[in-house]
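There are 2 protein chains.
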Amino acid sequence: MIQTALLAPLNVDRAPRYREAAYTAIKSAILDGRFAPNQSLVEEQIAAMLQISRTPVREALAILEHEGLIAPRQGRGLYVATLTRDEFVAMFVANETVEPYLVRRAALQASLEQLEALNQAIRRAQEAVTAIDMVGFLRASRDFHRLLGEASGNAPLTRFVVQNEERTDIYLIGSGQRIEPANMEASIHEHGAILDALIQRDPESAARLAIYHAQSLRQRFAELFRS
Amino acid sequence: MIQTALLAPLNVDRAPRYREAAYTAIKSAILDGRFAPNQSLVEEQIAAMLQISRTPVREALAILEHEGLIAPRQGRGLYVATLTRDEFVAMFVANETVEPYLVRRAALQASLEQLEALNQAIRRAQEAVTAIDMVGFLRASRDFHRLLGEASGNAPLTRFVVQNEERTDIYLIGSGQRIEPANMEASIHEHGAILDALIQRDPESAARLAIYHAQSLRQRFAELFRS
DNA sequence: GAACATAAGATTGTATACAGAGTGGACGGA
DNA sequence: TCCGTCCACTCTGTATACAATCTTATGTTC
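Have a look at this one:
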């Protein structure tokens, strides 16, 4: 069983703490689909892959567990967290509630650099669709929402939105569901429309489009649970 | 220096993990004002108070740090996190954004038991004001918002709201600010009005009152930064 | 052949040991 | 007296050791 590909050894030169590096490495592995939902995460194995001891790995796992990305299994062990349908929907609802505010603020105060960064995120999403790279598409979409949050200037809301999206993305990636290219294109198109409204400095249009986008997302993904 | 009062030894009999117990104990100590902002949190001391080793204490602290309740000091050590004025306001704005949704849902679907629990929370807040117990008042207020979130049925939003409120409460408690009894009374009155709207099953009134409440809160507390 | 008991192994949870970095204080010199 | 340097101590971060528990496999009995 070759595990090399799963996690590369950390070669952080001791300055940033191993805990942080392990946290990032494990989270990236989950979000890239290298650790699948329901897969068991063994501390010793992860430590070996990262070539550090169990201590910082445990601390990273404790944080990830608290965030809800991983969960303790019945009696023993941790696994990448799945979501029930209701939890999945709750995440989308949460973001629907928040995003209109984010885009309104962004429309009022986003800098040109921030608008350009949003544009780049859309471009990366488009490239990922072309390359049939679902993980890349989801990452670029998360980036878009994160940048939107940053442009709004509200850190807690930004963090919240991104965290919810991470959890739904993990589900999508791990469930083996394939997102229809048409759906990805639609999502990208909606992002583009929001960005246009931001450039026009039109908060109400932006908010309307954000609500539409959030609802579309929820509908598109909720369908996945039927199959 | 008698530290006995700060943290009582854990006498969890090994079933719930020490990490969880330590997390709760430390968090409670912070929210009760026993650990003040800018106070240095020394792992060894905390471990000694809880009569456990540093390992689970460190894990608990890692989580609290990730949550933002504590933060690493310049080069060395952890301290109870303070908030800048902007961060403080951002927390209130975040909750303002979310709470209208929560109360709308709660108006539609809160059970009688949940309404009664909300009523109890208001009563506890009132008792705390009478007893000139600011910490108790803030705890009861947090309970009110938490119960509101639970009644809404959206776990992520509930968690988010409570977490934000914890952070602002820590600031209020630790800053040594005294909240005017009149302000506490006003807040309780607004909670009562929201609860009435829930009982009437009137989502729009409830939402309106929630917005008013959130804005009032923000204004009342923002004033504290002037002094 | 099936089911249960028992033992060995795997894995977690906690404690302790150790190394490195930062802080504070004491001592010496200007 | 004030400043600087150096040393000791404190505290963090990581590693390792140990204990307890759960799993699994094997063997024995019915």
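Heads up: the sequence lines are chains A and B, in that order.
Count along the first sequence from 1, add 55, and you get the number used in this note's numbering.
Count along the second sequence from 1, add 55, and you get the number used in this note's numbering.
Note that CB positions come from ideal geometry on N, CA and C, so glycine has one too.
- In the DSSP assignment, VAL135 of chain B is bridged to B:PRO92, B:ILE125.
- For the 8 Å CB-CB criterion, LEU124 of chain A and ILE228 of chain A do not form a contact.
- Between the alpha carbons of LEU264 of chain A and GLU245 of chain A lies a distance of about 7 Å.
- Residues of the same chain with a CB within less than 7 Å of the CB of ALA162 of chain B, apart from the 5 flanking positions on each side, are ALA252, LEU253, ARG256, ASP257, PRO258, ALA261 in chain order.
- For THR223 of chain B, no chain A residue has a C-beta closer than 7 Å to its own C-beta; the minimum C-beta separation is roughly 11 Å.
- Within 10 angstroms of the beta-carbon of TYR156 of chain B lie 16 or more other beta-carbons, which makes it buried.
- For GLU114 of chain A, the chain B residues whose Cβ falls inside 7 Å of its Cβ are ARG113, GLU114, ALA117, in order along the chain.
- For ASN209 of chain A, the closest Cβ of chain B is nearer than 8 Å.
- Within the segment 245-270 of chain A, no residue has a Cβ lying closer than 9 Å to any Cβ of chain B.
- Neighbours of HIS121 of chain B in chain A, taken as residues at a C-beta separation under 8 Å, are given in chain order as ILE118, HIS121, GLU122.
- ARG159 of chain A sits buried, since 16 or more C-beta atoms from the chains shown fall within 10 Å of its C-beta.
- Of all residues in the segment 135-156 of chain A, those with a C-beta nearer than 8 Å to a C-beta of chain B are GLU142, ALA145, MET146, VAL148, ALA149, THR152, VAL153, TYR156, reading in chain order.
- Residue A:ALA195 holds the alpha-carbon nearest to the alpha-carbon of ALA183 of chain A among A:ALA195, A:ASN150, A:GLU235, A:GLU122.
- For LEU279 of chain B, there is no enclosing alpha helix (DSSP H), as DSSP marks it with neither H nor E.
- Within 8 Å of the CB of ARG74 of chain B, the CB atoms of chain A belong to ALA117, in sequence order along the chain.
- The beta carbon of GLU114 of chain B lies closer than 6 Å to those of ARG74 in the same chain, with the five residues before and after it left out.
- Its Cα nearest to that of LEU138 of chain B, the residue B:PRO92 stands out among B:GLN129, B:GLY132, B:PRO92, B:PRO211.
- For ASP198 of chain B, same chain residues with a beta-carbon under 6 Å away, outside a window of 5 residues either side, are ALA176 in chain order.
- Interface flag for ASN238 of chain A against chain B is unset, since no Cβ pair is found closer than 8 Å.
- With a cut-off of 8 Å on Cβ pairs, the segment 167-176 of chain A is not in contact with the segment 145-156 of chain A, counting fewer than three such pairs.
- With fewer than 16 other Cβ atoms inside 10 Å of its own Cβ, SER166 of chain A counts as exposed.
- Restricting attention to A:VAL190, A:GLY191, A:GLN169, A:GLU122, the CA atom closest to the CA of GLY208 of chain A is found in A:GLN169.
- Sorting B:PHE280, B:GLN129, B:ILE249 by C-alpha distance to the C-alpha of ALA269 of chain B places B:ILE249 at the top.
- A straight line joining the alpha-carbon of TYR267 of chain B with that of ARG128 of chain A spans about 43 Å.
- Here the alpha carbons of PHE276 of chain A and ALA63 of chain B stand approximately 48 Å from one another.
- Collapsing the DSSP output to three states places GLN175 of chain A in a helix.
- Pairing GLU120 of chain A with ARG109 of chain A gives a Cβ-Cβ distance that is not under 8 Å.
- An exposed status is given to ARG233 of chain B, since fewer than 16 other beta-carbon atoms sit within 10 Å of its beta-carbon.
- Against chain A, a Cβ distance below 9 Å from LEU212 of chain B picks out ALA145, VAL148, ALA149, THR152, VAL153, PHE215.
- In this structure, DSSP gives ASN238 of chain A a helical state, which the three-state scheme calls helix.
- Where GLN164 of chain A is concerned, the enclosing alpha helix (DSSP H) starts and stops at 140-164.
- Here ASP257 of chain A carries a coil assignment [DSSP, helix/strand/coil].
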